[in-house]
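Undergrad:
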Amino acid sequence: MSQSTPQANGNDAAVETVTLTIDGREVTVPKGTTVLKAAESVGTEVPHYCFHEGLSSPAMCRLCLVEVEGAPKLQPSCVTQAQDGQVVRTQGDQALRQRRGVLEFYLVNHPLDCPICDQSGECHLQDYVHEEGRDHGRSREPKRVFGRDDFGGDVLFYGDRCVMCTRCVRFMNEVEQDPRLTVVERGNRSVIDTFFEEGLDGTHWSGNVVDICPVGALVSKDFLYKQRAWDLDHTPSICPSCSQGCNISLHTRDNLVQRLKPRKNLDVNGHWMCDHGRHRYEFMNRPDRLTEPLTGRGTARTPSSASRGWRAALTDVVDRARSLAEGGRGGRVMAVMSPNASNEDIGALVEVVDALGGGDVVYRMARADDEIVLKGYPSLARRRDLAANGHGAELLGATRVGDDDATGGLEAVADHDGIVIVLGDELDDQGEDFGRAAALYLYLGAHPSEAATHADAVLPTTTFAEQEGTFTNIQGRVQRFRQGLRAPGSARPAWLILGAVAAELSGRETAPTSAEEAFDALAGRTNALAGLTWDGLGSRGALVNETVPLAGD
Amino acid sequence: MGVQVKVIQRPEPGRTSYLRAALKGMALTFRHMVNPTKVTQQYPEEQTDLSPRWRGTHVMETHADGRPKCVACGLCPTVCPANCIRLVGGEDDNGNRYPIVYEIDEFRCIFCGMCQEVCPVEAIHVGQHFENAEYSRDRFVYDLDRLMEQDHPSTLLWDPSDPRSE
């Protein structure tokens, strides 16, 4: 029976724990933990299909059977609760024999089409059979054949490969709470199907069923036959498509993002991400890029003009800015930035603006009409703000202008006769007259823009996928993202460019040389980020210590 | 231990002759000239017999309707130790997986034959062929069409009459 060991000190709620033995090792876990999770905590993965952390456990795949001393037969570890004094053997002869048998049954009908299956390389059936299954099949019966079915949305269904774990059905029932999938027929002929013709069309979260499918039964149409899973590099990142800040992995190959997958963070997105964000990755692969720093008015018009390199470009920029500021001709600085700039980028921009005598930093951000909430995980939603770091921009002193399509609002900037700085905003709605009157117009961006025609300096920056940094999400959680792609040419992160300019303008000897230094310096001088450190952000992020409402809220 | 030097006494100049050695060599040449079991091969008029396990220029097998047998599974570029295979998979009109791009750089290839060994559908083979001289380097990158056109016999990685080498 369980023994309670309430924690004596602190405000932590008393957690009852139980101690059990798994494969000869003592494990102490909170009461109510399943044997499967307890085994996982000591590094033993018990094979499982139907169990998924974010879903209910029907214990129907019969693959997580383990030996529990005293129990008359093998127990499904995904629903068996850990109890005090329990002795569990996950690798006992009986358990292994039984699991080998179960796996053989799965292969009675599962086609051996791994060479053409997209799941190959990340397939749990492959892994488990490799680890615990037979090396040769004994079944001589013909396999049943269903063919493939278009489920709508981004989801394609290969019925032959299905192992009937029903994770997808339970996801639609329990998490999205839009029950559109079900099991039809019985026994050998049972198969997942949609209720009506519409299938998964019009759902906002159904891409997750592809992620949780342990085999290749549900595959993404977007990713179909595109790359092999084992060729992809995984980079932890943050979804840039709304202010929720879902933790994602960039799956990259050949210096291109091939797909996005959610990454577990129970504080932000659980195991899920929305289809809107999942399919918005092509912009990271855009080939039209600025690659070399160019200075001199009108350089953007003649892209062939030879670059003299970063040192010359930044010296030129600093000299001109300083002479304007000293001559009193700079006026207030007007800066336009993208709400997808990282905190470090924005911090460096604000520093430059302050060093030039102060001014306004504005950003434009698209806003959707509604939030799309994931009903079974209400803290997760596709937020209205369709950019990653609007919250961070507000915290660092930027103001939102323009309308909900991220257009307009720049009348004061376009004709400003002082210093104009543009960071990341492509100014799609502005003509080539933008900044014509400016005494000094700096355009920092990844992509060429017509509105950069009159720029005095065009400085190529990296996109968020090509640099390290942090975003602040709608909860005020500062989260790190890492570099997944190589930047083209001489493109540099904006914090590096602007940090060097700011250091030069304010006479400091050193400028940050890593995102870590940039963040720590920013946290040191900004109230909103006070107390945060790069190392302290960890894998789940850290909350800022004040809440600033977003414009329009 | 000191180094021991053995001094060889050469015969004085004028007391030796090349004649004997030269005659010995010419005698050998003459014997070969009249030998009926000649070993010189008149390549390229006469072609060498290659071993059935000779690993040379690749061959892509095709279906009866002319499609390549390759299903773009990606195992050959994965296993290739020389990284000489470039493969881009895609979906054809019938929804099947097929190679949009399949290129082998025969210059970079080390002809280990692992691509043939790993292929699950017996599509790519190394072949019993070695004459692939070209006038330019880029011609050594064989694309899918060219690999399918190769008509030389493909390599036998094992003896069909003794598949287990028993």
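Heads up: the protein sequence lines correspond to chains R and C, in order. Each residue of the first sequence is one higher than the one before, starting from 1179 at the first, in my numbering. Each residue of the second sequence is one higher than the one before, starting from 4 at the first, in my numbering. We put the beta carbon where it would ideally sit given N, CA and C, even for glycine.
Consider the Cβ of PRO1293(R): report whether some Cβ of chain C lies at a distance smaller than 9 Å.
TA: Counting from 1 along the first sequence, the entry for residue 1293(R) is found at position 115. Yes, its Cβ sits closer than 9 Å to a Cβ of chain C.
Undergrad: List the endpoints of the continuous beta strand (DSSP E) containing LYS1439(R).
TA: For the purposes of this step, residue 1439(R) is taken as residue 261 along the first sequence, with counting starting at 1. Per DSSP, LYS1439(R) belongs to the beta strand (DSSP E) from 1434-1440.
Undergrad: Listed in chain order, which residues of the stretch 96-128 of chain C have Cβ atoms closer than 8 Å to some Cβ of chain R?
TA: Residues GLY98, ASN99, ARG100, PRO123, VAL124.
Undergrad: DSSP state of LEU1285(R), grouped into three classes?
TA: Within the first sequence, numbered from 1, the residue matching residue 1285(R) stands at position 107. Helix, per DSSP.
Undergrad: Can you name, in chain order, every residue of its own chain whose Cβ lies under 8 Å from the Cβ of PRO1236(R), other than the five neighbours on each side?
TA: Here residue 1236(R) refers to the residue found at position 58 when the first sequence is read from its first residue. Correct list, in chain order: CYS1228, THR1344, ARG1348.
Undergrad: Mapping the DSSP letters down to three states, classify GLU1644(R) as helix, strand or coil.
TA: Position 466 of the first sequence holds residue 1644(R). Looking at GLU1644(R) - three-state DSSP - the assignment turns out to be helix.
Undergrad: Measure from the C-beta of CYS87(C) to each C-beta in chain R and report whether the shortest distance is under 9 Å.
TA: Taking the second sequence and counting its residues from 1, the one referred to as residue 87(C) is at position 84. Judged by the 9 Å Cβ criterion, CYS87(C) is not in contact with chain R.
Undergrad: Taking beta-carbon pairs under 9 Å, can you tell me which members of the stretch 64-89 of chain C lie near chain R?
TA: Going along the stretch 64-89 of chain C in chain order, one finds VAL74, ALA75, CYS76, GLY77, LEU78, PRO80, THR81 with a Cβ nearer than 9 Å to chain R.
Undergrad: Does the CB of GLU94(C) have a neighbour CB from chain R at under 9 Å?
TA: Position 91 of the second sequence holds residue 94(C). Yes - at least one Cβ of chain R is within 9 Å of the one on GLU94(C).
Undergrad: Would you say the stretch 1642-1659 of chain R touches the stretch 1410-1428 of chain R, given that touching needs at least three Cβ pairs under 8 Å?
TA: Judged by Cβ distances under 8 Å, the stretch 1642-1659 of chain R makes contact with the stretch 1410-1428 of chain R, as three or more pairs qualify.
Undergrad: Flag LEU1402(R) as yes if its beta-carbon sits less than 9 Å from any beta-carbon of chain C, otherwise no.
TA: Taking the first sequence and counting its residues from 1, the one referred to as residue 1402(R) is at position 224. Yes, because at least one Cβ of chain C sits closer than 9 Å to the Cβ of LEU1402(R).
Undergrad: With a Cβ-Cβ cutoff of 9 Å, do HIS1412(R) and LYS1442(R) count as a contact?
TA: In the first sequence, counting from the first residue as 1, residue 1412(R) sits at position 234. In the first sequence, counting from the first residue as 1, residue 1442(R) sits at position 264. No, these two residues do not count as a Cβ contact at 9 Å.
Undergrad: Determine the chain C residues that contact TRP1408(R) at a beta-carbon separation under 9 Å, and present them in chain order.
TA: In the first sequence, counting from the first residue as 1, residue 1408(R) sits at position 230. Ordered by position in chain C, the residues that pass the 9 Å Cβ test against TRP1408(R) are GLY77, THR81.
Undergrad: SER1298(R) CB to nearest chain C CB: under 9 Å?
TA: As a first step, residue 1298(R) must be located in the first sequence, where it is residue number 120. Chain C contact via Cβ: present.
Undergrad: For the alpha helix (DSSP H) containing PRO35(C), list its first residue and its last residue.
TA: In the second sequence, the residue the question calls residue 35(C) occupies position 32. Inspection of the sequence shows that residue 35(C) is occupied by His rather than by Pro. It spans 22-37 - the alpha helix (DSSP H) in which HIS35(C) sits, taken as one unbroken run.
Undergrad: Report the rounded CA-to-CA distance for THR1473(R) versus HIS1625(R), giving the unit in angstroms.
TA: Sequence index remark: in the first sequence, residue 1473(R) carries index 295 (1-based). Sequence index remark: in the first sequence, residue 1625(R) carries index 447 (1-based). Approximately 16 Å between the Cα atoms of the pair.
Undergrad: Taking the C-alpha atoms as reference points, what is the distance between PHE33(C) and ARG18(C)?
TA: Within the second sequence, residue 33(C) is the residue found at index 30, counting from 1. Within the second sequence, residue 18(C) is the residue found at index 15, counting from 1. Cα to Cα, the separation comes out at about 28 Å.
Undergrad: Whole angstroms are fine: how far does the CA of SER157(C) sit from the CA of VAL6(C)?
TA: Working through the second sequence from its first residue, we reach residue 6(C) at position 3. Working through the second sequence from its first residue, we reach residue 157(C) at position 154. Answer to the nearest angstrom: the Cα atoms are 58 Å apart.
Undergrad: With a threshold of 16 other CB atoms inside 10 Å of the CB of GLN1185(R), please say whether the residue is buried or exposed.
TA: Against the first sequence, residue 1185(R) aligns to sequence position 7. Unreliable positioning characterises GLN1185(R) in this predicted model, as indicated by a pLDDT of 40, which lies under 50. The coordinate reading is nonetheless provided below. Result: exposed.
Undergrad: Within the same chain, show all residues whose beta-carbon is closer than 7 Å to that of ARG1203(R), passing over the 5 residues directly before and after it, in chain order.
TA: For the purposes of this step, residue 1203(R) is taken as residue 25 along the first sequence, with counting starting at 1. Same-chain partners within the cutoff: VAL1220.
Undergrad: What number of angstroms, rounded off, separates the C-alpha of THR1183(R) from the C-alpha of THR1195(R)?
TA: Residue mapping note: residue 1183(R) aligns to position 5 of the first sequence, counting from 1. Residue mapping note: residue 1195(R) aligns to position 17 of the first sequence, counting from 1. A caution first: THR1183(R) carries a pLDDT of 40, below 50, which makes its placement in the model too unreliable to give a value.
Undergrad: Could you please give me the residues that DSSP links to LEU1564(R) through a beta bridge?
TA: As a first step, residue 1564(R) is located in the first sequence; it is residue number 386 there, counting from the start. In the DSSP output, where bridge partners are listed per residue, LEU1564(R) has none listed.
Undergrad: Among VAL82(C), THR51(C), ARG100(C), which residue has its Cα nearest to the Cα of GLU120(C)?
TA: Position 117 of the second sequence, counted from the start, is the residue given in the question as residue 120(C). Among VAL82(C), THR51(C), ARG100(C), the Cα nearest to that of GLU120(C) is on VAL82(C).
Undergrad: Over the uninterrupted beta strand (DSSP E) stretch that includes THR1577(R), give me the two end residues.
TA: Translated into the one-based positions of the first sequence, residue 1577(R) becomes position 399. Here the beta strand (DSSP E) through THR1577(R) covers 1577-1579.
Undergrad: Compute the Euclidean distance between the alpha carbons of THR1430(R) and TYR1459(R), then round it to the nearest angstrom.
TA: The residue labelled residue 1430(R) in the question sits at position 252 within the first sequence. The residue labelled residue 1459(R) in the question sits at position 281 within the first sequence. About 11 Å.
Undergrad: If we define contact as Cβ-Cβ less than 9 Å, is GLN1269(R) a contact residue for chain C?
TA: What you label residue 1269(R) is simply residue 91 of the first sequence in a count that begins at 1. No, GLN1269(R) does not count as interfacial toward chain C.
Undergrad: Just the Cα atoms here: how many angstroms apart are SER2(C) and PRO166(C)?
TA: In the structure as shown, chain C begins at 4 and stops at 169. Residue 2(C) is therefore absent and cannot be evaluated.
Undergrad: Just reading off the beta strand (DSSP E) that ASP1327(R) is part of, what are its end residues?
TA: Counting from 1 along the first sequence, the entry for residue 1327(R) is found at position 149. Segment 1326-1330, the beta strand (DSSP E) holding ASP1327(R).
Undergrad: ASN1386(R) lies in the alpha helix (DSSP H); which residues open and close that run?
TA: For the purposes of this step, residue 1386(R) is taken as the residue at position 208 of the first sequence. That run of the alpha helix (DSSP H) goes 1386-1390.
Undergrad: Tell me which residues share the same chain as GLY1602(R) and place their Cβ nearer than 8 Å to its Cβ, disregarding the 5 neighbours each side in the sequence.
TA: For the purposes of this step, residue 1602(R) is identified with residue 424 of the first sequence, where counting begins at 1. Closer than 8 Å at the Cβ level, and outside the excluded window around GLY1602(R), lie MET1515, SER1516, ASN1518, ALA1519, ASP1523, LEU1622, GLY1623, ALA1624, THR1639, ALA1672.
Undergrad: Please name the residue or residues paired with ILE1426(R) in a DSSP beta bridge.
TA: For the purposes of this step, residue 1426(R) is taken as residue 248 along the first sequence, with counting starting at 1. Answer is SER1415(R), PRO1440(R), bridged to ILE1426(R).
Undergrad: Check LEU160(C) in the structure and name its three-state DSSP category.
TA: What you label residue 160(C) is simply residue 157 of the second sequence in a count that begins at 1. The answer is coil: DSSP assigns LEU160(C) none of H, G, I, E or B.
Undergrad: Just the C-alpha distance for PRO1289(R) and ALA1395(R), rounded to the nearest angstrom, thanks.
TA: Sequence index remark: in the first sequence, residue 1289(R) carries index 111 (1-based). Sequence index remark: in the first sequence, residue 1395(R) carries index 217 (1-based). Approximately 11 Å between the Cα atoms of the pair.
Undergrad: The beta strand (DSSP E) spanning PRO80(C) covers which residue range?
TA: Reading the second sequence from its first residue, position 77 is the one you call residue 80(C). First-last for PRO80(C): 78-82, but that is the alpha helix (DSSP H), not the beta strand (DSSP E).
Undergrad: Going by CA-CA distance only, name the one from ALA1665(R), ALA1669(R), VAL1280(R), THR1493(R) that's closest to LEU1434(R).
TA: If you number the first sequence from 1, residue 1434(R) lands on position 256. Residue ALA1665(R) is the option with its Cα nearest to LEU1434(R).
Undergrad: Give me, in chain order, the residues of the same chain whose beta-carbon lies closer than 7 Å to that of ASP1606(R); leave out the 5 immediate sequence neighbours on both sides.
TA: Here residue 1606(R) refers to the residue found at position 428 when the first sequence is read from its first residue. Result list for ASP1606(R): empty, nothing under 7 Å.
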